[in-house]
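Working notes, structure below.
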Amino acid sequence: MSTGFEIGEQRWTYPAARETEQVDTYFGVEVRDPYRWMEELDTDELKVWVDAENALTQSFLTGGVEGAARRNRIHARLMELTDYERFSAPRREAGRYFFQRNAGLQNQAVLYWQQGEAGEAHVLLDPNTLSQDGTVSLGSYAISDDGERMAYALAEAGSDVQTVRVREVMTGSDLPDVVEFVKFSGMSWMRDGSGFFYASFGVPTAEERAESLKRAAVFHKVYFHRLGTPQSADTVVFERADDGEVLLSAEVSEDGRWLFLGQSKGHTNALAVKDLRASGWERAEAAVIRIAAVDDARYEPIGNVDDQVWMMTTKDAPRGKLVRVDLTQPEQKQWVELAAEGPNSLEQATMVGGALILSYLVDAQTEVEVRGLDGGLRQKLALPGIGSASVGGGKASDDETFFTFTNYTTPPTVFRLDLQSLEARVWKQPRLTFDPEQYQTEQVFATSKDGTRVPLFITYRKGTALDGTAPALLYGYGGFNISLGPGYSSSRMAWLEMGGIYAESILRGGGEYGEEWHLAGTRTQKQNVFDDFIGCAEFLIQSGYTSAKRLAINGGSNGGLLVAAVELQRPELFGAVLAQVGVLDMLRFDRFTIGYAWKPDYGSPSEKEEEFQAIFKFSPLHNVRAGVRYPPTLITTGDHDDRVFPAHSFKYAAALQAAAADTPNAAPMLIRVETRAGHGGGMPLSKQLDVTADTYAFLVKELGM
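The working numbering puts the first residue of the sequence shown at 1, with every later residue one more than the last.
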């Protein structure tokens, strides 16, 4: 059936999407899946559908002289706001500083090195030279202890799969070493520079490569690559053959003796340590010291002195604490508590220069404490204002470290912290292309359905009339123990300049208030996240910041699930929906790529009936109803997304469009599919600006701006 929508005298028709009779049974419940064929990404039928959908979306957004001009004006201002110099905090190795810099409109940031803080900066790696369209990006990188070599990972078209090479710092030349198919991993050097550790699912067969976007990746392993040898000679030094759904990590201690082996399932991890001075450490079956045998909490080592390890953990401390572990007596009863659990969530801990730097979240804003190695408080760090700070690392011998500070109207500024005087000064600060004094941010608290207090940051231009007439964009995530907080974005600044209000919700499922807050938004309690978000939307409307017809909602990945679920539950509450790379088929999420790793948050729909029943009630794909006028919706995804399988977005878009056939005055239900793009990481700036310009053009049109 051909469906579409009308605006005035103009009509748009949706591309035809074939429906099948596919039916699955879950615990006696029959569930239709008529668009199962969209999971086969390489078929001509799907390509024709995607191309037609993209053409429809562009026709709607840029149709007519006014539409094209509006979109071009938005794009031009986005470019102006993005055209400023920005830096990462530097890393220091053997007296050399390594940092990334974007001159303004470069597709990818460039990696530099310099000798000492005042040395001349040299280009070490410019990803912009590696592809014509800017889609090759630098992932993680690791510098050898002597500062002479760098192991670096490159990804293409936004993929999570990376290729690692080794570059000489002084010459900029690559060694012959190439390690392919590295995924969800950094690199960590042996202290003698002989090689590095990494994690991978192994080298796939040709058949597995063809199914890489769909096939579940299982049995992560830790490998050691010795310089000068082929990847085929790399040895597996650790694996978990008992559980294919465990993701592994490997980090060499600063003194080079210990290899810390993280084993995570969702937000928790087990932790083991291997002695690199012991004979036969290269063998996977070599003995390890188990600090935490099961993944029942977070266990994050931050440094050591000999066999004493400093560790951040949520074991028996949902908001986090700091302990010291003696590797000769690693049992929990022997741990020494250095910083007890407090009222605020311990978000980050760093051990550098004989000090412990602890970052806490206080109602989602950062507070930083500097402590001695015994845990005693030395000083609270004075930050420039309300915002978010991220403290870098370093070595025991360092006399400095660096941190970045940002908020909604302050681009990330890099500060140098003197570890003796504890004085901070600006190291790199962007030049602004706007006046931050014209805007204000306030923190308020909404109330969820069950009475829970939900923080909400609201930013807008000073003098904005709070009479319900302003357009507003409400953003949320609420999952995977991930914390939100004040942070700058040039695209958000463009929205503020357009007269919009930006609101960011701090929902259960995140990590802002510790593990209890996180767990309250998982599995059978996932509905709490949606209720929190709805409570924030109602607060914005009731308080006069905006009205339902002028309120847009936005979220990506888990946040894409969030906004899709609430638009189906409360369609009258929103004026527009932006669902980006969302997890939208909640009955099959665990069957693709890395989806099984999300079961600790979402539950197991095919394994546990109670969790199936909870998931089935909110799964966006399965709750679209004909005859209901849903708010105007723009779905975005990437055709190479190997984290959230793009069929999630395809199937949801087809379902919304089909339901519109029986809906009077149906709103536009559109999808935009970016080519040579993945989940979002490493997307070239040019593509980011294109996506943002399209989404804002959609909001301007649908919110009547």
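Even for Gly, the Cβ is constructed at its ideal location relative to N, Cα and C.
Pick helix, strand or coil for residue 325, following the three-state DSSP scheme.
strand
Please report how far the alpha carbon of residue 411 lies from the alpha carbon of residue 487, in whole angstroms. 8 angstroms
Is the segment 681–694 in contact with the segment 650–658, if contact means three or more CB pairs nearer than 8 angstroms? no
Residue 713 by DSSP, collapsed to three states: which one? The chain is shown from 1 up to 705; residue 713 falls before or after that span and cannot be answered.
- In whole angstroms, what is the alpha-carbon distance linking residue 167 and residue 178? 11 angstroms
DSSP three-state label for residue 301, please. strand
Which of helix, strand or coil DSSP assigns to residue 534 | helix
How should residue 285 be labelled, buried or exposed, when 16 other C-beta atoms within 10 angstroms of its C-beta is the threshold for buried?
exposed
- Query: Between the C-alpha atoms of residue 46 and residue 159, what's the straight-line distance to the nearest angstrom?
  - Reply: 21 angstroms
Roughly how many whole angstroms lie between the Cα atoms of residue 238 and residue 190?
16 angstroms
What first and last residue would you give for the alpha helix (DSSP H) that runs through residue 54?
-> 44–62
Q. Rounded to the nearest angstrom, how far is the Cβ of residue 345 from that of residue 371, given a contact under 8 angstroms?
A. Contact doesn't hold; Cβ gap of about 17 angstroms is too wide.
### Message
Quick check: the segment 295–305 against the segment 495–502, are at least 3 beta-carbon pairs closer than 8 angstroms?
### Response
With a cut-off of 8 angstroms, the segment 295–305 and the segment 495–502 do not count as touching, because too few Cβ pairs lie within range.
**Request:** Please determine, among 373, 387, 572, the residue with the shortest C-alpha to C-alpha distance to residue 360.
**Result:** 387
Practice prompt. For residue 542, count neighbouring Cβ atoms within 10 angstroms of its own Cβ and tell me buried if that reaches 16, exposed if not.
Written response: Counting Cβ neighbours within 10 Å, residue 542 comes out exposed, since fewer than 16 surround it.
Sequence-distant residues of the same chain with beta carbon closer than 8 angstroms to residue 261, five excluded per side:
Within the same chain, Cβ atoms closer than 8 angstroms to the Cβ of residue 261 are found at 222, 238, 248, 249, 250, 271, 272, 273, 274, 288, the five residues on either side in sequence being excluded.
Exercise. Taking the alpha-carbon positions, what's the residue 636 to residue 305 distance?
Worked result: Approximately 48 angstroms between the Cα atoms of the pair.
Item to complete: Tell me, to the nearest whole angstrom, how far the beta carbon of residue 419 is from that of residue 552; I am working on the premise that it is less than 8 angstroms.
Response: About 45 angstroms separates the two Cβ atoms, so there is no contact after all.
Next on the checklist: Taking 7 angstroms as the limit between beta carbons, can you name the residues of its chain near residue 269, skipping five residues before and five after?
Outcome noted: So the qualifying residues of the chain are 262, 263, 295, 298, 299.
TODO: Give me the Cα-Cα distance between residue 311 and residue 145, rounded to the nearest whole angstrom.
DONE: 23 angstroms
**Report entry** Residue burial classification, residue 123 (beta-carbon count within 10 angstroms, cutoff 16)
**Finding:** Residue 123 is exposed by the Cβ-count criterion.
With 16 other Cβ atoms within 10 Å as the buried cut-off, status of residue 39 | buried
| query | Between which two residues does the beta strand (DSSP E) carrying residue 122 extend? | reply | DSSP places residue 122 in the uninterrupted beta strand (DSSP E) bounded by 122–125.
Taking the Cβ atom as the reference point for each residue, do residue 501 and residue 460 lie within a distance shorter than 7 angstroms? yes
Residue 225 by DSSP, collapsed to three states: which one?
strand
> Which runs of the beta strand (DSSP E), 3 residues or longer, sit entirely within the segment 624–683?
Replying inline: 633–638, 669–674
- To the nearest angstrom, report how far apart residue 700 and residue 547 are at their CA atoms. Residue 700 and residue 547: Cα-Cα distance of roughly 15 angstroms.
_Quick check on the DSSP output: the beta strand (DSSP E) that includes residue 274 runs from which residue to which?_
268–275
For this session: Could you pull the start and end residues of the beta strand (DSSP E) that residue 176 belongs to?
Result: Its beta strand (DSSP E) spans residues 174–183.
Exercise. With distances taken from CA atoms, which of 216, 172, 235 is nearest residue 196?
Worked result: 235
Count the other C-beta atoms from every protein chain shown that fall within 10 angstroms of the C-beta of residue 343, then say buried if there are 16 or more, exposed otherwise.
In this structure residue 343 is exposed. Its beta-carbon is surrounded by fewer than 16 other beta-carbon atoms within 10 angstroms.
Check: If residue 332 sits next to residue 321, beta carbons under 8 angstroms apart, how far is it from one beta carbon to the other, in whole angstroms?
Finding: That pair is no contact at about 12 angstroms.
Over what stretch of residues does the alpha helix (DSSP H) that includes residue 614 continue unbroken? From DSSP, the alpha helix (DSSP H) with residue 614 extends over 609–618.
How far does the beta strand (DSSP E) with residue 12 in it reach, from first residue to last?
10–13
(message) Please report the distance separating the alpha-carbon of residue 672 from that of residue 57.
(response) 7 angstroms
| message | Tell me the rounded alpha-carbon separation between residue 35 and residue 634. | response | 19 angstroms
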